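In full-length UniProt numbering, the protein residues as written are 1 to 74.
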């Protein structure tokens, strides 16, 4: 076989591998972040206390709801 055919096969395999790897990693990270959200209610409460705010349950619920809405839109 000609050398240019081997080069074409290698380049195509590289492109397919890169595209497949990108989408596979993206899907994995979306699933991971959905199962393990970066913030939970207790962490948010501690963050607000460190910033000098007194967190009420209503404010925590609003912030959690807005964070969930923002992550579901993406």
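Cβ coordinates follow ideal geometry from the N, Cα and C atoms, glycine included.
Note that the coordinates shown come from a computational prediction; the quantities given were computed from them, not determined experimentally.
I believe residue i touches residue j by the beta-carbon criterion, under 8 Å. Please report the beta-carbon distance rounded to the nearest angstrom.
i, j, result
"residue 45", "residue 60", "6 Å"
Nearest CA to the CA of residue i: which residue from the options?
i, options, result
"residue 75", "63, 34, 31 and 35", "Examination of residue 75 is not possible in this model, given that the chain is present from 1 through 74 alone."
"residue 58", "51, 66 and 31", "66"
"residue 71", "51, 34 and 52", "34"
Tell me which residue opens and which closes the alpha helix (DSSP H) that residue i is part of.
i, result
"residue 25", "3 to 35"
"residue 67", "57 to 73"
"residue 50", "41 to 50"
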